[in-house]
Structures are given as structure tokens and as C-alpha cells.
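So the protein lines, in turn, are chains A and B.
For the first sequence, the numbering used here gives the first residue as 1, with consecutive numbering after it.
For the second sequence, the numbering used here gives the first residue as 1, with consecutive numbering after it.
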Amino acid sequence: MLDIAIQKTLRTGKRSFQLNVQLQSASQHTVLFGQSGAGKSLTLKAIAGLMTPDSGHIRLGGRLLFSQPGGVNLAPQARQLGYLFQDYALFPHLTVRQNVAFGLVRGWLNPRTSAQHDEVEHWLRSFGLAAMAQQRPGELSGGQRQRVALARALVAKPRALLLDEPFAALDPALRHDMRQTLLALLAQVQIPLLLITHDEQDVALFGQQVFELRDGQAHAANLATFTEATPRHD
Amino acid sequence: MDTVWVALALSLKVAGLATLLAALLGVATGFVLARGRFPGRDVLDTLLTLPMVLPPTVLGYYLLVLLGRQGALGGWLQAQWGINLIFSWQGAVIAAAVVAFPLVFKPARAAFEAVDGQLEQAAQVLGISRLAVFFRITLPLAWRGILAGILLAFARALGEFGATLMVAGSIPGKTQTLSIAVYEAVQAGQDDVANLLVAVISAVCITVLLAAGYLAPGRVAQR
Numbered sequence: 001m002l003d004i005a006i007q008k009t010l011r012t013g014k015r016s017f018q019l020n021v022q023l024q025s026a027s028q029h030t031v032l033f034g035q036s037g038a039g040k041s042l043t044l045k046a047i048a049g050l051m052t053p054d055s056g057h058i059r060l061g062g063r064l065l066f067s068q069p070g071g072v073n074l075a076p077q078a079r080q081l082g083y084l085f086q087d088y089a090l091f092p093h094l095t096v097r098q099n100v101a102f103g104l105v106r107g108w109l110n111p112r113t114s115a116q117h118d119e120v121e122h123w124l125r126s127f128g129l130a131a132m133a134q135q136r137p138g139e140l141s142g143g144q145r146q147r148v149a150l151a152r153a154l155v156a157k158p159r160a161l162l163l164d165e166p167f168a169a170l171d172p173a174l175r176h177d178m179r180q181t182l183l184a185l186l187a188q189v190q191i192p193l194l195l196i197t198h199d200e201q202d203v204a205l206f207g208q209q210v211f212e213l214r215d216g217q218a219h220a221a222n223l224a225t226f227t228e229a230t231p232r233h234d
Numbered sequence: 001m002d003t004v005w006v007a008l009a010l011s012l013k014v015a016g017l018a019t020l021l022a023a024l025l026g027v028a029t030g031f032v033l034a035r036g037r038f039p040g041r042d043v044l045d046t047l048l049t050l051p052m053v054l055p056p057t058v059l060g061y062y063l064l065v066l067l068g069r070q071g072a073l074g075g076w077l078q079a080q081w082g083i084n085l086i087f088s089w090q091g092a093v094i095a096a097a098v099v100a101f102p103l104v105f106k107p108a109r110a111a112f113e114a115v116d117g118q119l120e121q122a123a124q125v126l127g128i129s130r131l132a133v134f135f136r137i138t139l140p141l142a143w144r145g146i147l148a149g150i151l152l153a154f155a156r157a158l159g160e161f162g163a164t165l166m167v168a169g170s171i172p173g174k175t176q177t178l179s180i181a182v183y184e185a186v187q188a189g190q191d192d193v194a195n196l197l198v199a200v201i202s203a204v205c206i207t208v209l210l211a212a213g214y215l216a217p218g219r220v221a222q223r
């Protein structure tokens with residue numbers, strides 16, 4: 001399902017960071033666990049094509065996305081992945097409906113505010129966003145924003161879903177709700193998932209296979225150790 | 001009195017075309033310098049800002065050297081196409097465009113730098129080409145700051161005097177713009193003409209400034 005071996009050296013001033021991630025996962029849902037600064041987001045960006053590794057390869061769902069020896073480097077546009085950014089990256093100048101329809105309309109113009117696509121309306125309804133379809137992201141709550149971002153990613157029928165700390169920005173009550181929403185969604189649509197988090201509860205809930213990232217290196221981790229940590233309430 | 005309206009029409013034509021030229025080049029270079037990472041970026045920024053601080057006569061002299069019959073560009077244009085820009089209204093457009101350019105370029109660069117790069121990345125992941133992302137995300141989010149710069153550039157082009165006079169001269173009906181006509185009217189002792197000219201140009205500039213102030217970033221919240 002997922003086969004990554006990438007190296008990247010980043011330099012800022014005198015400091016440098018070595019990313020050297022090697023992992024293989026056969027599961028539908030893979031979780032990358034690690035503290036901030038371990039290289040989680042960087043790995044996700046490499047998979048999405050937003051960061052080009054110095055060497056290695058990335059294979060996802062049988063497709064070769066990147067191979068430095070093979071000279072393969074698909075553009076982000078060609079990878080057909082759904083990416084949920086940590087702070088959602090909603091387009092502030094577009095309405096909720098335009099945001100969700102964004103990937104369906106190619107060309108130089110944004111979708112019209114009045115345009116209705118069946119696919120867009122379906123996700124607006126199923127995420128309870130229909131009532132605020134004409135509002136801008138700035139007027140929404142954190143949970144609503146996340147649902148817009150999810151709908152926007154799903155409308156384009158991605159081959160896999162990449163989630164960057166999806167619940168970190170939410171308060172505890174909302175976090176619980178959004179986890180349930182996402183779990184229900186995953187039961188409904190069969191889509192490979194790669195989730196990165198520093199929260200052990202996310203690992204227990206979403207992980208079928210877990211890797212821990214430390215100082216730019218991935219280590220296979222035992223899911224059972226995370227499941228035991230679950231009863232901690234927040 | 002006809003000279004006033006002829007000069008106004010010429011001024012609007014010259015300033016309008018100069019602003020268009022400065023806007024296209026200023027937005028393009030502003031974007032390249034905001035997003036590009038290349039050696040010599042700061043030097044290039046300084047050179048491109050120079051027309052804002054150099055005396056217009058110095059700019060006019062540079063343009064004469066460049067565009068004159070003996071000039072590198074002027075000589076080529078003359079030999080190749082038979083075009084002579086000196087003492088023509090087209091020359092006045094180029095002079096005004098050079099002077100107005102930094103007023104678009106500077107705010108355009110700042111406006112592009114203020115656009116969150118993650119939004120552009122999100123759009124790319126959704127399958128939208130880089131060029132389309134520029135027109136659908138980057139430009140709309142930076143537009144307010146750019147437009148304020150364009151209006152200031154228009155006001156500056158309208159008031160251009162020194163560089164225009166050196167490159168295009170002061171030929172009534174051909175290259176004599178409003179601001180040059182004011183100078184000529186005062187020199188000739190035609191106070192009534194000068195009064196009218198001054199009133200017209202002041203009214204136009206106040207209108208432009210009001211519009212620019214209304215559009216300046218920060219006045220209306222972005223979201």
C-alpha cells in the first residue's frame with residue numbers, strides 16, 4: 001500500500017536537519033506518530049509532492065509517485081491525493097461552496113458562487129454545511145472549518161487521504177466529535193489513510209499500522225502500547 | 001482654452017498607457033521577487049526601486065542615452081523599424097511608465113509576500129495548475145494592495161514632468177501634457193490658463209488619492 005524510502009537534508013543557517021524515513025505499510029490506515037520537529041509534516045509534504053526529497057522513492061497504492069534514481073517526480077496536481085493541512089488552508093476569499101468545489105473546476109476562474117455540483121452538494125449535506133454554504137471560512141467555527149477542508153479534499157475523489165494533525169487545533173469536546181465524524185466517514189468510503197499526529201489517542205483510534213518518527217527516522221511501533229494508553233480522558 | 005482640454009486628453013492617454021505598462025511589469029516582477037529565490041535579488045530590488053528616488057531629470061537623461069538615435073535601444077529601433085521615440089507621445093508614455101513602475105512593483109511584492117504559501121500548495125494538491133493557482137488564489141488575495149499601488153502610479157504618471165520633458169519635449173497637442181502645460185502657461189504669463197490647468201489636475205489627483213486610500217490594505221479587514 002505505502003512504500004517510502006526518502007532522504008532529505010535541510011539547512012537553515014548553521015543548523016541542519018536530516019530526514020531519513022524508510023517505512024512500508026500494507027494496512028489501509030497508517031499512522032505516523034512523533035513529537036513536533038521529528039519530520040512528520042515534511043514526510044507528508046514529500047508524499048503530496050510539495051517537497052522534493054534528495055533521493056529515494058515513494059510508492060502509494062501501487063503507483064510510483066517519486067523515484068530519484070528512476071527520474072520520476074509526479075507534480076502535486078498529478079498525484080490525486082487529498083491533503084488536510086493542520087490549519088486547514090481554506091481559501092479566505094471564497095465561500096464554503098466555492099471552497100468545496102475548488103478542485104472540480106479546472107481553468108483560470110474560480111467556481112461561481114451559484115454553481116451547484118451534485119458531488120459538492122452531497123458533501124455539504126453529509127457534513128452539515130448546507131446552511132452555511134454561502135459564508136466565508138472566516139465566519140465559521142473550528143469544527144466547521146475542518147469539515148469544509150475534509151469535504152474539499154473528498155470531492156475530488158482522491159486516491160488516498162493525508163491528514164496533518166487533524167485534531168490538534170480543536171478543543172477537547174470538539175476533538176471527540178470530529179474523531180467520530182472521521183471514523184464514520186472512513187467506514188463509509190474505502191480510502192487509504194495516512195495520518196500524522198503527536199496524540200496517542202489518535203494512534204489508538206485510527207492506526208492499523210503505526211510508525212514512530214524520531215529525529216527524522218521512522219521506527220515500526222507496536223499498536224498495542226498505544227491502545228493501552230487510551231483510557232486517559234481529556 | 002482648447003489647449004487645456006487637448007492637454008488633459010493627452011495627459012490621460014499618456015498616464016493611462018504608462019500605468020498599464022507599469023502595472024503589467026510591476027505585478028510580474030513583484031511576483032518573481034516575492035516568490036523567487038535567486039542570487040542578486042536584493043540588488044535587483046534596489047535597481048528597480050531607483051526611479052522612485054532618482055531626480056526625474058536624471059532618469060530623463062538615462063532614457064535619452066538609451067532611446068536616442070545614438071542610444072543602444074534607440075539606434076536599433078531606428079535602424080530596424082524606423083521608430084524614433086524621442087519627442088513623441090510614445091516616448092512620454094515610456095518616461096512616465098519608468099517613473100511610475102516602483103509604485104506598483106513595491107506594493108505588489110509586499111502583497112504577494114503576504115499571501116500564505118500554504119493556500120497555493122493546497123490548490124496545487126487539488127489538481128490546479130500553477131498558472132491557474134496564480135489567477136485563482138494569489139492574485140485575488142493580493143489584489144487590494146496591488147490596486148492601491150496602481151492608482152498611486154496613475155497619479156504619479158499624470159504629474160510626471162521632468163523625465164517627460166527631457167524625453168518628449170513640450171510640443172502642444174503632441175507631447176505637451178497637463179503638468180508641462182502649466183509650466184508653459186506660467187512662463188508665458190497666461191494666468192487664466194494656468195489657473196484652470198491647476199484646478200483640473202488637482203481635482204483628478206484628489207479623486208485618485210481618495211480611491212487609493214479607500215483600497216489600501218488594512219482599511220477593510222480581509223476576512
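For glycine and all other residues, C-beta sits at the position ideal for the given N, C-alpha and C.
query                                                                                                                           : result
Paired residues, beta bridge with A:Ser25 - DSSP                                                                                : A:Leu2
Limits of the unbroken alpha helix (DSSP H) element including B:Val167                                                          : 162 to 168
Nearest residue (CA-CA) to B:Leu165, options B:Ala95, B:Ile150, B:Val104                                                        : B:Ala95
Contacts that B:Leu141 makes with chain A (C-beta to C-beta distance below 9 Å)                                                 : Phe91, Pro92, His93
Any C-beta of chain A under 8 Å from that of B:Arg144                                                                           : no
Beta-carbon proximity list for A:Ser67, same chain, < 6 Å, skipping 5 on both sides                                             : His57
Three-state secondary structure (DSSP) of B:Ala221                                                                              : Residue placement at B:Ala221 is flagged as unreliable, the pLDDT there being 41, under the threshold of 50; the coordinate-derived value follows with that caveat. Looking at B:Ala221 - three-state DSSP - the assignment turns out to be coil, as it is neither helix nor strand.
Minimum Cβ-Cβ distance from A:Phe211 to chain B less than 8 Å                                                                   : no
Cβ neighbours of A:Leu75 in the same chain (closer than 7 Å, five flanking residues each side left out)                         : One point to set straight first is that residue 75 of chain A is Ala, not Leu, in the sequence displayed. Taken in chain order, the residues that qualify are Gly49.
CB contact below 8 Å: B:Phe135 versus chain A                                                                                   : yes
Cutoff 8 Å: A:Leu163 Cβ touching any chain B Cβ                                                                                 : no
Contact set between the region 104 to 121 of chain A and chain B, restricted to residues whose Cβ is under 8 Å from the partner : Arg106, Gly107, Trp108, Leu109, Asn110
Span separating the alpha-carbon of B:Tyr183 from that of B:Trp81                                                               : 34 Å
CB contact check: A:Leu81 to chain B, cutoff 8 Å                                                                                : yes
Per-residue DSSP class, three states only, for B:Glu184                                                                         : helix
Same chain, Cβ closer than 7 Å to B:Leu66, neighbours up to 5 away in sequence not counted                                      : Ala72, Leu73, Gly74
Interface partners of A:Pro76 on chain B, CB under 8 Å                                                                          : Gln121, Gln124, Val125
Segments of 4+ residues assigned as alpha helix (DSSP H) that fall wholly inside the region 1 to 78 of chain B                  : 2 to 35, 41 to 53, 56 to 67
Between the CA atoms of A:Gln134 and B:Thr29 - distance to the nearest angstrom                                                 : 35 Å
Cα-Cα separation between B:Ile180 and B:Phe87, rounded to whole angstroms                                                       : 14 Å
Coil, strand or helix - A:Asp199 by DSSP                                                                                        : coil
Neighbouring residues, chain A, relative to B:Ala28 (Cβ below 8 Å)                                                              : None at all; the shortest Cβ gap to chain A is about 16 Å.
Endpoints, alpha helix (DSSP H) assigned at A:Val210                                                                            : Unbroken run through A:Val210 is the beta strand (DSSP E), 209 to 214; no alpha helix (DSSP H).
Proximal chain A residues relative to B:Ala132, where beta-carbon distance stays under 9 Å                                      : Arg106, Gly107, Trp108, Leu109
Three-pair Cβ contact test at 8 Å for the region 117 to 127 of chain B versus the region 43 to 58 of chain B                    : no
Closest residue to B:Cys205 among B:Asn195, B:Asp191, B:Ala157, B:Thr177 (Cα-Cα distance)                                       : B:Ala157
Residues near A:Leu163 by beta carbon distance below 6 Å, same chain, minus five either side                                    : Leu84, Leu195
Check whether A:Leu235 and A:Leu193 have beta carbons under 8 Å apart                                                           : One cannot answer for residue 235 of chain A here, as it falls past the ends of chain A, which runs 1 to 234.
8 Å contact criterion, which B:Phe101 and B:Gly26 should meet: CB distance rounded                                              : 6 Å
Any chain D beta carbon closer than 8 Å to B:Gln176                                                                             : Among the protein chains in the structure shown, which are A and B, there is no chain D.
Helix, strand or coil at A:Phe66 according to DSSP, with G and I counted as helix                                               : strand
Close-in-space but distant-in-sequence residues of the same chain around A:Phe206 (CB under 6 Å, 5 per side omitted)            : His29, Val31, Leu195
Cβ-based neighbour list, A:Thr95, same chain, cut-off 8 Å, excluding 5 preceding and 5 following                                : Thr113, Ala133, Gln134, Gln135, Arg136
Burial state of B:Trp5 (16 or more Cβ within 10 Å)                                                                              : exposed
The alpha helix (DSSP H) enclosing B:Ala155, as first and last residue numbers                                                  : 139 to 159
Span of the alpha helix (DSSP H), counted from its first residue to its last, around A:His176                                   : 172 to 188
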